[in-house]
Every structure is written in structure tokens, then in C-alpha cells.
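Chain order of the listed sequences is A and B.
Quick note: the first sequence uses the numbering used here, first residue 776, plus one each step.
Quick note: the second sequence uses the numbering used here, first residue -17, plus one each step.
We put the beta carbon where it would ideally sit given N, CA and C, even for glycine.
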Amino acid sequence: MAAPRVAVVGAGLIGLSTALRIAEVNPSCCSITLLSEQFSPNTTSDVAAGMLIPHTYPGTPIHVQKQWFKETFTYLFAISNSDEASEAGIHLVSGWQIFKNPSEAEVPFWSDIVLGFRPMSAAELQKFPQHSHGQAFTTLKCDCPPYLLWLEKRLKANGVQIHTRKVTDLWELHREYDIVVNCVGIGARQLVGDQQLFPIRGQVLKVHAPWVKNFIRDGDGLTYIYPGIDSVTLGGTREKESWCLSPDPGTTKDIFDRCCSLEPSLQRAQDIRVKVGLRPSRSCVRLQREVLSQGGAKLLVVHNYGHGSGGFSVHRGTAEEAAHLVGECIAVLQGSSSKAKL
Amino acid sequence: MGTRDSTSQVQSRDFDPIAQHRVRLQALDTQTLDCGAPNKLRCTRGSVEASKIHRGCLENSAEPRAMRIAVIGAGVIGLSTALCIHDRFHALVPQLQLEVYADRFTPHTTSDGAAGLWQPYLSDHGNLQETLWNKETFEHLLGYLNLPEAKEMGLFLISGYNLFKQPVPDPSWKNIVLGFRNLTPKELELFPGYSYGWFNTALMLECRSYLPWLTNRLAQRGVKFFHRKVESFEEMFSQGIDVVINCTGIRAGELQPDPALQPARGQVIKVLAPWVKHFIITHDMESGIYSSPYIIPGSELTVLGGIYQQGNWNEENSAQDHKSIWERCCRLLPTLQKAEIVQEWSGLRPARPSVRLERESIGHGRLRTEVIHNYGHGGFGITIHWGCAMATARLLGNVLQEKQSQSRLSAAAICQTAEFPPSWPRATYPKEVLENMD
């Protein structure tokens, strides 16, 4: 049987990292093509700050989420420590998560994976008079576009073909490909009609404020300051079921004010750019196989979408699982092909 | 200060001899406000002695002469000391006139080349005074942190790592910085070759911004700047300077020899590496402070260093030092290999076993004048500057108090006593009065 033909649909963080993992795990036993309508800097991933601070999925066991986060953190930690770090846009950043309500300041499941996690001291909390508790730690940040562009470069080095193409129906790929990996993020609502998937709109500001070296995140998840390589991301909003991709000026002012109250020097920030992304939210990531068939034809599908706010934190872990599912699909194809030979 | 009429303009800085005359008359004679003389300045009311004393009293009660304080040096020490002095005294001593003299201003001072990280040396060698000054500086700066103008000052928080090859005692400043803790094993994996370390959050104060900020504040308050090299303390006093504040850093020896002051030459490479968000300072307990590689990210450029050469006066960049800094820093942080080199700079830390912060009376008799020294801050000038500025201002306060007492003897003895009879025997007049008489 000819080498199975794999198509990965979607060129955001999930699509690129999944395609890369498939190439790494299944070298030479399949051909891989990446198809996407949008590429960096126009994906949802480009809007996100890329902080490795996990979101908790209500529908996934904690030990699984922890495993995904650990794999992702370990992978990125190694890159951050290598001479590729600046090209890949991966860097360590330290800072604080602060709470107004002591009951919110629980120790999260990921506290032993990030570095140096500990409660904030009273002296540290003096910088935030509105907040009574906090946690200090060091984590990683994946700056986009650099990280996505670096992934694309790695894909090409691994022989992955990349094409711009809008896929309106997975079945349209059944003649050219044997296995399709669906990493279309929020696009899955339309592409596969998943009603459990819904957008949580996020508006952010990217500003020039290079003196901000530490991150600050309000435990409510709504206000955050994440310093990146060339800009600081100020956020944000969480608007469920909003599909609006246009920036809202009132929201811009509100985000700016909230961030300035945590870090007053931001009033001197320059070059303010506004971006909007739709977090592809779901109670759990859809990581599963599916078989599409029509007439006698079949198309094996692996879904890997619905990462919501937590894509960056778990992307390598879910890519690993998706690659494993692709391996299972390849085995199925090879099994049927040998059966066919009998 | 003696009796004064509440309606008189005693605090007026305008020289008004007529008004002053009325004040003095009141002190002498509560019944008459007008002595009747057509020309008050030549009033000869009473006896000859009285008129002389009376005129002497006018001279002494003229607007208080300007109290000229000259700060020599416009690095972080000179400018911050000037500002501290102005803050403290301008309202209390209206005749204070503050002047700054320097041959080098920002961005050409030693302070401008430094990265600007607030961090004392590892050990205070029992010098608790300096530890206190460091603490005062940190707390002073923290007060500005939550103001938008922190950015103009070049002030911001920064976290980072101090790395060692063996366990070391905690530093004197562990409770001054924020969130001080030891490094975890996983963190140490980032730094092969180092087995122990600290993490903490401290402050950066970039002098490229801080010195202009101080300069603007001083200029707004009317402090005058003079761009010239001061050759001697005498030069200042002969121009009418009352007190000199000596903040001349490494070149203090040119004004007064000080063998304890020696250069500790440093060289740094400034690169573009905006992905570096932490300072990383390594320590080699045998080679000594700042002779081991360090990486300090600023607001625009990241500073790479690790040179500390005692006794080397050379301010030129050395190719050998460049190579040493580059190789050692890239080994410490491999990602630096992709960083673009933007600048190179060398400077002389004004090293001394301890900071010289003390008064000294220069000259004698009528030419006796005061110098307050504030130099010798080594590689921790930014770290300690405000504590030293305040200590210098306190010493100046003592000097001003003493001078005020002296001048009070001349004016007060004559004018402030209502029962002053014109026929006192000369021998009982205060010395200053006798000297001013013709």
C-alpha cells in the first residue's frame, strides 16, 4: 500500500504543532500536507499572548490536563534554553497572579510544573493595594507570530507540504487524502457542525512598553499584562457567544484603564494596537477519531480542536495524543490493506 | 530669633533698607516708629556710638546674604544629593542658592554606563551604615514605582537570578528586595555549572533616564548648572561659595588626594535581546564581585558584563575584555548568540573600602569653609545613592545651623534686644560687631 496521505487542516498553533508531531512520530511512513485558509499573523493564535498558564477544562480529568501541560512545558523549556529560543519566540517570564478574594487563591494543579511557585509576600502585595493575596511564579511565553513561523519552518524541514486552501467540508478531501486531522479551532462550528463549540471573544491591546518585565494577572482572568518580546499584551475580555471580530473602542479604553490600575507606568505605553480573537471553547478538547464514509469510500478523521483559553498551555500534549491517534489510523489502513491483499 | 513685630516683613527676601530700618527701630524703641531723620540710612539719632551701631545694625539686617552651596559632580550622586538638599532646605533657608558644577553631564558620566540594577555587594563587611543607606534608597524608589513618571525616571521592577558554584550565606539585603528565595533544582537546570542560587525581584534605575529626570527637576527649581572642571576647593570658596558638596566620584583625588579611592574598571557590551526578561548575575567567590559574567536586561538594551579590574584607569574598550564578556555570557545564556551587538562601553567604578561621607573644614579663621564629601560608591552607587544623599543633607543641615548661629550673634546682639542701651562700654560689644565698625 502506498504511504498513507495525511492532511492537517488549520495552521494555527494546534494545526502546526500537530502536523509537526505527526512528522516527528511517523517519519517517512506517511506524507503530510498542511491546508489552511489563514496563516500567521491572521490566526486566532496570533492574538493570544501565548502564556503557559493553564485553563481548566471541566470535561477532562485533571491528571490528563496536567500531563498535557507538563509535556508542553518541558518541550518549550528546552527550546527556551537553546540558541533557537529567540527565533522560536519562547522565553521565560516571571510575575504575579493576584486575587481580591482569598478563597480564589487556591493552589492550582499546575503549581509544581511552573518554576518557583509560591505565595506572594506582604511586601510584594503592597504593589497591588486592591488585592489581598497572590501567587508568584515563573513560566514560559510563546510569542506569536515568531513561534508559528518557527513551527512552519520546522514543518518544511520535515518535508511537510503547506498549501493555502479553504476547506468547506472534510469529505471533499477524501479522494486526495486517507487521513484528515481537523485542527480548525473555532472553524469547527461550521466545518463539522459541532454545537458544543462556542466562541469566547477576547479583545486585547498590544503595546510598546519594554520596561515591563514581569507579568501581572488578576485571578479573575479578565485583566492581565503579559510582556512579550516586542510588545506587551494587555487584556482582556471573555464574551461568550460573541462572534464579533471588530475591535470595540469602549472595550479598548476599559482594558487600558484596568491594566493601568495594576501597572500605572502603562500610561506611558506607545503604539497601541487592538486585536480580537475568538477562543474556540468547549467543555473539553475534542481529541478523538471518527470515520466518515459515503458509498464505499472512507475517510479517517482525527479531531483536535476546542482548546478555548488553554491552547498554548497544552498544545504539545494534545499534539502528542493526536499524533498517536493518527498512528492508530495508519495501523487501521495498513490492516485493511493487508486484508485486501488476502 | 528674638523679638520681631508680626506686621513686619521679616521673611521678605527683598532688600528694603527702609523697612528693615523700621524693624530695627522698633526693637530699640517701642514708642517711636520714625526717628525723624530725613535720611534713614544716615540716622544719627542718639549718641555717636548708637549711630554707628545703628548703621551696623542696618547692614546686618539687610537681606540675608545668599547661602551658596556648590555640588561638584553631576553623576547619580551629585544630582540626587543636590535634589535632596533642595527638597530639604529650600523652604527653611530661603537664601539657599544651589549650584551644580561638572565637566561631564549625562550621558557621559560613569553612572550612564551602568546597567542600573539595584543590588548591593554580597557582603556588607559589617558596614551597617551602608546597608541602611541601601535600604533607604530601595524604599525611596519603591515609592515612585506606582506613579506613571516611573517610566520617565527609568525605574521599573525586574526579577532575576544570582548564581553560585557552592552554597553561600543569605545577603544583608534579602529582606529589602521582594520575594527573595533560593533557586529550585529545576531552575538550576537552566544554568549548568552553578549549583546554588537566589531568585528575587529588585529595581532597575536607568541613569540615561534618571539623570535627565533629576536635571529637569533641579532646573525647574532654579538650580544653576555650570559646565566646567573645578580645579580646587579654594577656587569655589574664592568665588563666594559657602559650602562645597564633593560628589566627584572616581576623580575626587584630583581635588584632594585619597589613596583609598581606586578605579575598578568595568566594560560592558549592550545588545538587542528583548526576549531576556530576567537579570542573571553569576558569582565566583574567588575572583570577586562583577568579575564573573552577568546579564541585565534594560528597557531597550541588555547589558552583558563581568569585568572588574582594580587599579586600571583605562576608559578605552578592550578587545580582550569584549571577547571574554561575549564568550562567557553566551555560555551562560545560549540565546544571546543571536543578539545584535549595539554598543560597547568602559567605565571606572569609584572603589573605596567604604564610602567617604563626611564633613571637612578647609582653611582657617575667616576663610574657614566647609566641604562635605560624598564619593567612593564603587559598583553600588545607584543602589546606595538616596541614602547617601540624605546623609549628606543632614551634614549640610549641621553646617547651616552652625552658620546661622554665627550670623545670629552679629545681628541679634545688636538688634534683637529691646533693652539695648546706646552707651554700653565697647568692650562688651560682640566681636563681630567690633569688626564691622569703622
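C-beta atoms of residue i and residue j nearer than 8 Å
{"i": "residue 338/B", "j": "residue 358/B", "result": "yes"}
{"i": "residue 982/A", "j": "residue 910/A", "result": "no"}
{"i": "residue 960/A", "j": "residue 787/A", "result": "yes"}
{"i": "residue 1088/A", "j": "residue 793/A", "result": "no"}
{"i": "residue 916/A", "j": "residue 979/A", "result": "no"}
{"i": "residue 115/B", "j": "residue 373/B", "result": "yes"}
{"i": "residue 356/B", "j": "residue 229/B", "result": "yes"}
{"i": "residue 439/B", "j": "residue 286/B", "result": "The displayed coordinates of chain B run from -17 to 420. Any statement about residue 439/B would go beyond what the structure contains."}
{"i": "residue 816/A", "j": "residue 920/A", "result": "yes"}
{"i": "residue 360/B", "j": "residue 242/B", "result": "no"}
{"i": "residue 870/A", "j": "residue 991/A", "result": "yes"}
{"i": "residue 68/B", "j": "residue 210/B", "result": "no"}
{"i": "residue 873/A", "j": "residue 1023/A", "result": "no"}
{"i": "residue 1080/A", "j": "residue 789/A", "result": "yes"}
{"i": "residue 189/B", "j": "residue 281/B", "result": "no"}
{"i": "residue 112/B", "j": "residue 289/B", "result": "no"}
{"i": "residue 278/B", "j": "residue 97/B", "result": "yes"}
{"i": "residue 1055/A", "j": "residue 1078/A", "result": "no"}
{"i": "residue 170/B", "j": "residue 179/B", "result": "yes"}
{"i": "residue 82/B", "j": "residue 193/B", "result": "no"}
Simplified DSSP assignment, three categories, for residue i
{"i": "residue 1039/A", "result": "helix"}
{"i": "residue 319/B", "result": "helix"}
{"i": "residue 1105/A", "result": "helix"}
{"i": "residue 68/B", "result": "helix"}
{"i": "residue 356/B", "result": "strand"}
{"i": "residue 784/A", "result": "strand"}
{"i": "residue 157/B", "result": "coil"}
{"i": "residue 461/B", "result": "Residue 461/B lies beyond the range of chain B shown here (-17 to 420); nothing can be said about it."}
{"i": "residue 895/A", "result": "coil"}
{"i": "residue 810/A", "result": "strand"}
{"i": "residue 831/A", "result": "coil"}
{"i": "residue 976/A", "result": "strand"}
{"i": "residue 297/B", "result": "coil"}
{"i": "residue 876/A", "result": "coil"}
{"i": "residue 796/A", "result": "helix"}
{"i": "residue 991/A", "result": "strand"}
{"i": "residue 134/B", "result": "helix"}
Cβ shell of residue i (< 8 Å), same chain only, five flanking positions each side left out
{"i": "residue 1040/A", "result": "984, 986 and 987"}
{"i": "residue 941/A", "result": "812"}
{"i": "residue 385/B", "result": "49 and 224"}
{"i": "residue 777/A", "result": "none"}
{"i": "residue 851/A", "result": "827, 865, 915, 917 and 1091"}
{"i": "residue 1004/A", "result": "861, 864, 866, 918 and 921"}
{"i": "residue 929/A", "result": "795"}
Cut-off 7 Å between Cβ atoms - residues of its own chain near residue i, not counting five sequence neighbours on either side
{"i": "residue 264/B", "result": "145, 176, 274, 275, 276 and 314"}
{"i": "residue 184/B", "result": "99, 100, 101, 140 and 159"}
{"i": "residue 976/A", "result": "1012, 1014, 1017, 1019, 1051 and 1053"}
{"i": "residue 875/A", "result": "905, 906 and 907"}
{"i": "residue 191/B", "result": "134, 135 and 136"}
{"i": "residue 955/A", "result": "782, 784, 945, 948, 1074 and 1076"}
{"i": "residue 293/B", "result": "244 and 245"}
{"i": "residue 65/B", "result": "196, 199 and 200"}
{"i": "residue 892/A", "result": "886, 910 and 912"}
Contact set for residue i: own chain, Cβ-Cβ below 6 Å, skip 5 residues either direction
{"i": "residue 950/A", "result": "none"}
{"i": "residue 153/B", "result": "104"}
{"i": "residue 371/B", "result": "62, 63 and 66"}
{"i": "residue 327/B", "result": "95 and 250"}
Checklist line | Continuous beta strand (DSSP E) assignments of at least 3 residues falling wholly in the segment 906 to 958 of chain A | finding: 908 to 917, 936 to 939 and 954 to 957
Check: Of all the residues that make up the segment 873 to 893 of chain A, which are near chain B by a beta-carbon distance shorter than 8 Å?
Finding: 890, 891 and 893
Margin query: List, from N- to C-terminal side, the beta strand (DSSP E) runs of 3 residues or more that fit wholly inside the segment 838 to 874 of chain A.
Written below: 865 to 874
Item checked: Segments assigned beta strand (DSSP E), at least 3 residues, entirely inside the segment 44 to 130 of chain B -> 49 to 54 and 78 to 84
Note to self: Counting only Cβ-Cβ distances shorter than 9 Å, please list the residues of the segment 850 to 867 of chain A near chain B, keeping chain order.
What the structure shows: From the segment 850 to 867 of chain A, only 852, 855, 856, 857, 858, 859, 860, 861, 862, 864, 865, 866 and 867 have a Cβ closer than 9 Å to chain B.
Note to self: Please give me, in chain order, every unbroken run of the alpha helix (DSSP H) with length at least 4 that falls completely inside the segment 1006 to 1094 of chain A.
What the structure shows: 1024 to 1037
Check: Between the segment 113 to 142 of chain B and chain A, which residues of the former have a C-beta closer than 9 Å to a C-beta of the latter?
Finding: 124, 127, 128, 129, 130, 131, 132, 133, 134, 136, 137, 138, 139, 140, 141 and 142
Check: Going along the chain, which unbroken runs of the beta strand (DSSP E) with 3 or more residues stay wholly within the segment 164 to 223 of chain B?
Finding: 178 to 187 and 206 to 209
Next item on the list: With 7 Å as the limit, tell me which residues of the segment 808 to 839 of chain A have their beta carbon closer than that to any beta carbon of chain B; keep them in chain order.
Entry: none
Checklist line | Unbroken stretches of the beta strand (DSSP E), 3 residues or longer, contained in the segment 241 to 284 of chain B | finding: 244 to 254, 260 to 264 and 276 to 279
Margin query: Any C-beta of chain B within less than 7 Å: which residues of the segment 900 to 920 of chain A qualify?
Written below: Result list: 902 and 911.
Notebook entry, point to check: If you measure beta-carbon to beta-carbon, which residues of the segment 1001 to 1019 of chain A are closer than 9 Å to chain B?
Noted result: 1002, 1003, 1004 and 1005
Margin query: Any C-beta of chain A within less than 9 Å: which residues of the segment 236 to 257 of chain B qualify?
Written below: Within the segment 236 to 257 of chain B, the residues whose Cβ lies closer than 9 Å to any Cβ of chain A are, in chain order, 255, 256 and 257.
Check: Listed in chain order, which residues of the segment 158 to 169 of chain B have Cβ atoms closer than 8 Å to some Cβ of chain A?
Finding: 160, 161, 163, 165, 166, 168 and 169
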